[in-house]
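**Student:**
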Amino acid sequence: MKMRRLGHGRVFLTAGITFLLMLAIASAAADDRGWEDILAEARGQTVDWFMWGGSPAVNGYVNGYVAENLKKRYDITLRQAPVKDIAEVVSKLVIEKQAGKARDGHVDLMWINGENFRTCKRNGLLFGPFADRLPNQKYVNWEQPSVYNDFGEPVDGLESPWGSAQMVMIYDTARLSEPPRSVGALLDWIRAHPGRFAYPAPPDFTGSVFIRHIFYHVAGDVAHWQTSVDPAAFDRAASDTYRVLRELAPALWRKGETYPESPVRLNTLFADGEVDFSFSYHQAEASRNIIDGLFPETVRTYVFEEGTIANTHFVAIPFNAADTAGAMVVANFLLSPEAQLEKADPDVWGDFPAIDPRRLPAEWQKRFSARPRGPATLSDAELQSHQLPEPPSELLIKLEKGWERHVLKGR
Amino acid sequence: MLTLLLSPSLGVVMLLFGGGLALGIVQALGYLPGAGLGRLSLMHFTAVLTDPDFLQSFFLTLYIAGVSTAIAAGISILAALGLVSLSERSRVIHFIFQIPLTVPHLVIAIAVAFLLAPAGLLSRVAVGLGWIQSAADFPLLINDTWGMGIILTYIWKEIPFITLMLLAVLRQTGRDLLDVGRTLKANAWQRFRYITLPIIFPALGAASLIVFAYTFGAFEVPFLLGRTYPMTLPVWAYKQYSDIDLMARPEGIATGIVIALVVMLAVVLAQILTKTARKRGLVL
Numbered sequence: 400m401k402m403r404r405l406g407h408g409r410v411f412l413t414a415g416i417t418f419l420l421m422l423a424i425a426s427a428a429a430d431d432r433g434w435e436d437i438l439a440e441a442r443g444q445t446v447d448w449f450m451w452g453g454s455p456a457v458n459g460y461v462n463g464y465v466a467e468n469l470k471k472r473y474d475i476t477l478r479q480a481p482v483k484d485i486a487e488v489v490s491k492l493v494i495e496k497q498a499g500k501a502r503d504g505h506v507d508l509m510w511i512n513g514e515n516f517r518t519c520k521r522n523g524l525l526f527g528p529f530a531d532r533l534p535n536q537k538y539v540n541w542e543q544p545s546v547y548n549d550f551g552e553p554v555d556g557l558e559s560p561w562g563s564a565q566m567v568m569i570y571d572t573a574r575l576s577e578p579p580r581s582v583g584a585l586l587d588w589i590r591a592h593p594g595r596f597a598y599p600a601p602p603d604f605t606g607s608v609f610i611r612h613i614f615y616h617v618a619g620d621v622a623h624w625q626t627s628v629d630p631a632a633f634d635r636a637a638s639d640t641y642r643v644l645r646e647l648a649p650a651l652w653r654k655g656e657t658y659p660e661s662p663v664r665l666n667t668l669f670a671d672g673e674v675d676f677s678f679s680y681h682q683a684e685a686s687r688n689i690i691d692g693l694f695p696e697t698v699r700t701y702v703f704e705e706g707t708i709a710n711t712h713f714v715a716i717p718f719n720a721a722d723t724a725g726a727m728v729v730a731n732f733l734l735s736p737e738a739q740l741e742k743a744d745p746d747v748w749g750d751f752p753a754i755d756p757r758r759l760p761a762e763w764q765k766r767f768s769a770r771p772r773g774p775a776t777l778s779d780a781e782l783q784s785h786q787l788p789e790p791p792s793e794l795l796i797k798l799e800k801g802w803e804r805h806v807l808k809g810r
Numbered sequence: 049m050l051t052l053l054l055s056p057s058l059g060v061v062m063l064l065f066g067g068g069l070a071l072g073i074v075q076a077l078g079y080l081p082g083a084g085l086g087r088l089s090l091m092h093f094t095a096v097l098t099d100p101d102f103l104q105s106f107f108l109t110l111y112i113a114g115v116s117t118a119i120a121a122g123i124s125i126l127a128a129l130g131l132v133s134l135s136e137r138s139r140v141i142h143f144i145f146q147i148p149l150t151v152p153h154l155v156i157a158i159a160v161a162f163l164l165a166p167a168g169l170l171s172r173v174a175v176g177l178g179w180i181q182s183a184a185d186f187p188l189l190i191n192d193t194w195g196m197g198i199i200l201t202y203i204w205k206e207i208p209f210i211t212l213m214l215l216a217v218l219r220q221t222g223r224d225l226l227d228v229g230r231t232l233k234a235n236a237w238q239r240f241r242y243i244t245l246p247i248i249f250p251a252l253g254a255a256s257l258i259v260f261a262y263t264f265g266a267f268e269v270p271f272l273l274g275r276t277y278p279m280t281l282p283v284w285a286y287k288q289y290s291d292i293d294l295m296a297r298p299e300g301i302a303t304g305i306v307i308a309l310v311v312m313l314a315v316v317l318a319q320i321l322t323k324t325a326r327k328r329g330l331v332l
């Protein structure tokens, strides 16, 4: 009898332990199964990705490498829908939301950032939050304000990073051995060397980012402007910015009576030796120009000690997207180390990674640091440790308008 | 019958050009149902015309168009007169004059920028030849106050155009009238003033008006070779239209319509002037 009772006990104990174990395994697997469910749902879906279609390099990357790999790995058909301006798609979503069209929207994924993202978020036009559910988001450095804020608007997981841009200063080591390493030092340099510096006239975006740096320099604190802004404080800081730029004008190229109309013109002036600096939002542009023979081999780039303005561009999913699972899988693939590395290849596109290579496994880190980057491009570590966030787009627009009125026209 | 023959091309012009113009006028008059503005109003035109920069831009554009047309017309008359006999004998001259017609204004603007920039080709040649000390001594010819680069570009493009139109007229009328003038003891100036000028005047007037209309409304050359401020009317219209503030767009269209009105006014004025001159017996 003793043995039978022991036998029963053993069965119950074994059953109980097995049951608990299964529960434990099941609960541990619940998160992954969520993603597995999404992958399963995404199989066979067609994802319609609406994006700016003006760059052959971007289109080639998306329709070539990305589309092929999505089909091969996840059986997802990617359909790129090129548009002239994503604002058109945003306007359509606003109308669809008002009309109550909450399902079967024709847009599954959008390439978006800045003002357009703000409009979407404020009007509830986005699916999500979804970005934190993507397995590859662990490679993104969400501590950076230029990543967790999109032009001052908190991302809150409603969009997933794709790539990054950062302003870099360009100079020629043959003409200038030690460039001014901060904005203040640059302003002093300009005053000491009249006629040797120019910036494109806002609202050109590259010219606009220059005045944003002056704004941060004059206003002092950068983080302050990310959250809700006191209009009086902004007006004071903006007036100081315009005053600094107005007083700087006589020391600029052509005594500030005219400005280059585009960054292309600025690069020409720099290459011709009319000015001693250029600058660009594209971290690899100087290298590209050296390779193309437009800049001499001695050209290099640098960033300010206090940092230069960087922004991230993202992909987002509309609230009424028909293929949300497919869209999430696409967004996740775009963040994968292999897709980011391919994108960063200057012969493919050259757009900088949105992921932080320091979060990758050692083997991937080596591949990222060994990638062809050209003679004048800074390392990812140097760039990512000297970043300032963009100000909110409404401040940006006010600064551009204010520059036109108070600096260009002198009113 | 004539209407029937003309109707296909008239139809296309009315639909595309006329339709676009009508849509533009409607938007400039404030009708934007998508943004909830359903009534016509003149506020955009008022905004444009009362802008403190409007007069400056207007006179700048008038100056550039007027000077370009005048200089191009003047040089073309001399060129046409000189070439009348030459072009009969040589096809090459004619061909050389046609080449600039095929090159877009934008390409010439860029070429002028390369040639005449302070660090441009001519400047480097001049430094190399020792005419000037350094690039800084080279005169300012682009992005300058007087629009020299812009005017040079227009002159280069428009002289062949006007010259070829005058040549076509001069060749047809032949030399007989000039010989009659010689037998009547008219000197060279009188032959030109009373025989040649009246013959070429209609073609000269039409070609000059076309050149004026084009240069008044052109955007790309002043955008590249002009100053950031003050800007010509077409550059201003473009900047308003592409402004991040969507409400500035109707103002851009309104500016465009103002440009069109000015050109139409110029045409009407030219007609009136010619008729008055004829009535007063001025031989033109």
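These protein sequence lines map, in sequence, to chains H and C. Numbering of the first sequence is given in our numbering, commencing with residue 400 and proceeding in unit increments. Numbering of the second sequence is given in our numbering, commencing with residue 49 and proceeding in unit increments. Here a beta-carbon is modelled for each residue, glycine too, at the ideal position from N, C-alpha and C. These numbers come from a predicted model, not from an experiment.
When Cβ atoms are compared, which residues of the region 670-689 of chain H fall closer than 7 Å to chain C?
**Tutor:** Listed by position along the chain: 671, 672, 673.
**Student:** Please report the distance separating the alpha-carbon of residue 438 of chain H from that of residue 464 of chain H.
**Tutor:** Their backbone Cα atoms lie some 20 Å apart in a straight line.
**Student:** Which residues bound the beta strand (DSSP E) around residue 730 of chain H?
**Tutor:** Looking at the DSSP string, residue 730 of chain H is not in any beta strand (DSSP E); the run it does join, the alpha helix (DSSP H), is 723-733.
**Student:** Report yes or no: is there a C-beta of chain C within less than 9 Å of the C-beta of residue 544 of chain H?
**Tutor:** By this cut-off, residue 544 of chain H is not an interface position.
**Student:** Using C-beta distances below 7 Å, list every residue in its chain close to residue 697 of chain H, excluding the 5 sequence neighbours before and after it, in chain order.
**Tutor:** Around residue 697 of chain H: 571, 572, 573.
**Student:** Determine which residues of the region 258-276 of chain C have a Cβ less than 9 Å from any Cβ of chain H, and write them out in chain order.
**Tutor:** Residues 271, 272, 274, 275, 276.
**Student:** Does the count of Cβ pairs from the region 713-730 of chain H and the region 500-519 of chain H closer than 8 Å reach three?
**Tutor:** Yes, since at least three Cβ pairs between the region 713-730 of chain H and the region 500-519 of chain H fall closer than 8 Å, the two stretches touch.
**Student:** Answer yes or no: do residue 158 of chain C and residue 171 of chain C have a C-beta to C-beta separation smaller than 9 Å?
**Tutor:** No, the pair does not count as a contact, with Cβ atoms beyond the cut-off.
**Student:** With H, G and I counted as helix, E and B as strand and the rest as coil, what does DSSP make of residue 155 of chain C?
**Tutor:** In this structure, residue 155 of chain C counts as helix in the three-state DSSP scheme.
**Student:** Between which residues of its own chain and residue 156 of chain C is the CB-CB distance below 7 Å, once the five residues before and five after are set aside?
**Tutor:** Around residue 156 of chain C: 201, 204, 205.
**Student:** Sort H:641, H:589, H:596 by Cα distance to residue 618 of chain H and report the nearest one.
**Tutor:** Closest option to residue 618 of chain H, Cα to Cα, is H:641.
**Student:** Please work out which residues of its chain come closer than 6 Å, Cβ to Cβ, to residue 616 of chain H, disregarding the five sequence neighbours upstream and downstream, and give them in chain order.
**Tutor:** Result list for residue 616 of chain H: 582, in chain order.
**Student:** For residue 807 of chain H, go through chain C and note every residue whose CB falls closer than 8 Å to its CB, in chain order.
**Tutor:** Chain C residues near residue 807 of chain H: 276, 277.
**Student:** Can you confirm whether residue 168 of chain C, when its beta carbon is compared against all beta carbons of chain H, has any partner nearer than 9 Å?
**Tutor:** Output row for residue 168 of chain C: interface = yes.
**Student:** Could you work out which residue in C:76, C:307, C:208 is closest to residue 150 of chain C when comparing CA atoms only?
**Tutor:** Minimum Cα distance to residue 150 of chain C is reached at C:208.
**Student:** What residue does the alpha helix (DSSP H) around residue 682 of chain H start on, and which one ends it?
**Tutor:** Segment: none, residue 682 of chain H is in no alpha helix (DSSP H) and carries neither H nor E.
**Student:** Give the interface partners of residue 191 of chain C over in chain H, defined as CB-CB distance under 8 Å, in chain order.
**Tutor:** Those within 8 Å of residue 191 of chain C in chain H are 653, 657.
**Student:** Nearest to residue 259 of chain C by CA position, among C:211, C:325, C:108, C:246, is which residue?
**Tutor:** Comparing Cα positions, the closest option is C:211.
**Student:** Rounded to whole angstroms, what's the CA-CA distance from residue 685 of chain H to residue 460 of chain H? Just pull it up for me.
**Tutor:** Approximately 21 Å, taken between the alpha carbons.
**Student:** Taking only beta-carbon positions, decide if residue 152 of chain C is within less than 9 Å of chain H.
**Tutor:** By this cut-off, residue 152 of chain C is not an interface position.
**Student:** Roughly how many whole angstroms lie between the Cα atoms of residue 278 of chain C and residue 541 of chain H?
**Tutor:** Distance between the alpha carbons of residue 278 of chain C and residue 541 of chain H: 45 Å.
**Student:** For residue 292 of chain C, return the contacting residues in chain H, with the cut-off set at a CB-CB distance below 7 Å.
**Tutor:** Ordered by position in chain H, the residues that pass the 7 Å Cβ test against residue 292 of chain C are 602, 796.
**Student:** Compute the distance between the beta-carbons of residue 779 of chain H and residue 768 of chain H, then report whether it is under 9 Å.
**Tutor:** Contact flag set, yes.
**Student:** The alpha helix (DSSP H) spanning residue 450 of chain H covers which residue range?
**Tutor:** Not the alpha helix (DSSP H): residue 450 of chain H falls in the beta strand (DSSP E), residues 445-451.
**Student:** Run through the DSSP bridge pairs and tell me what residue 720 of chain H is partnered with.
**Tutor:** Per DSSP, H:504.
**Student:** Classify residue 170 of chain C as helix, strand or coil using the three-state DSSP reduction.
**Tutor:** Helix at residue 170 of chain C.
**Student:** Would you call residue 49 of chain C buried or exposed, if buried means 16 or more other Cβ atoms sit within 10 Å of its Cβ?
**Tutor:** Result: exposed.
**Student:** Three-state secondary structure (DSSP) at residue 263 of chain C?
**Tutor:** Helix, per DSSP.
**Student:** Quick check on this structure: which residue in C:63, C:230, C:305, C:184 has the alpha carbon closest to the alpha carbon of residue 654 of chain H?
**Tutor:** If we check each option's Cα against that of residue 654 of chain H, C:184 comes out closest.
**Student:** Go ahead and label residue 293 of chain C buried or exposed: buried means 16 or more other beta carbons lie within 10 angstroms of its beta carbon, across all protein chains shown.
**Tutor:** Result: exposed.
**Student:** For chain H, is any of its Cβ atoms less than 9 Å away from the one on residue 101 of chain C?
**Tutor:** Interface residue, yes.
**Student:** Within a Cβ cutoff of 7 Å, which residues of the same chain sit near residue 105 of chain C, ignoring the five residues on either side of it in sequence?
**Tutor:** Once the five neighbours on either side are set aside, the close Cβ partners of residue 105 of chain C are 278, 279, 280, 281, 284.
**Student:** Would you kindly work out how many angstroms separate the C-alpha atoms of residue 801 of chain H and residue 599 of chain H, rounded to a whole number?
**Tutor:** Spanning the two alpha carbons is a distance of roughly 15 Å.
**Student:** Determine the DSSP secondary structure at residue 562 of chain H, reduced to helix, strand or coil.
**Tutor:** Of the three classes helix, strand and coil, the one that applies to residue 562 of chain H here is strand, per DSSP.
**Student:** Give the DSSP bridge partners of residue 815 of chain H, in chain order.
**Tutor:** The shown model of chain H, from 400 to 810, leaves out residue 815 of chain H, and the question about it has no answer.
**Student:** Please classify residue 660 of chain H: is it buried, with 16 or more other beta-carbons within 10 angstroms of its beta-carbon, or exposed?
**Tutor:** Under this definition residue 660 of chain H is a buried residue.
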